[in-house]
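Residue numbers (my numbering): 1 to 113.
The beta carbon of each residue, even a glycine, is placed where N, CA and C say it ideally should be.
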């Protein structure tokens, strides 16, 4: 396995059959007749998953110095809970000093086509 992955890495070319995924609709909740209540699960080649994970680990090391502290989502060592905690602290301090506080949220769920 290691030899195969090393060969693919050095050739800088992914096998064509690794680029194909089978999408299986998985029911989340609600009305089963509503297609928006399903999400797609991609079934991928196992070797491709291993290669992807190796690449992800390399990129994580590189990206630590690039991604600022303002980003907490989708990082292994942080979560969106970190931002929620910070916002809560800011709100408590502003309340303590009698200052107004406004927050705006944008739901980006349906912005892509």
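Check for me: the beta strand (DSSP E) holding residue i runs from which residue to which?
i	result
residue 58	Unbroken run through residue 58 is the alpha helix (DSSP H), 46-63; no beta strand (DSSP E).
residue 42	38-43
Are residue i and residue j close, meaning C-beta to C-beta below 7 Å?
i	j	result
residue 54	residue 21	no
residue 48	residue 18	yes
residue 108	residue 101	no
residue 51	residue 4	no
Taking the continuous alpha helix (DSSP H) assigned at residue i, which residues delimit it?
i	result
residue 27	Unbroken run through residue 27 is the beta strand (DSSP E), 22-27; no alpha helix (DSSP H).
residue 91	80-96
residue 2	2-11
By Cβ distance below 8 Å, which residues in the same chain neighbour residue i in space, the five residues on each side in sequence not counted?
i	result
residue 27	37, 38
residue 87	103
Excluding sequence positions up to five away, which residues of its chain have a Cβ less than 6 Å from the Cβ of residue i?
i	result
residue 30	37
residue 83	72
residue 35	none
residue 66	none
If residue i and residue j are in contact, beta carbons under 8 Å, what's the gap, nearest whole angstrom?
i	j	result
residue 23	residue 14	Not really, about 19 Å apart at Cβ, beyond 8 Å.
By Cβ distance below 7 Å, which residues in the same chain neighbour residue i in space, the five residues on each side in sequence not counted?
i	result
residue 45	17, 18
residue 25	38, 40
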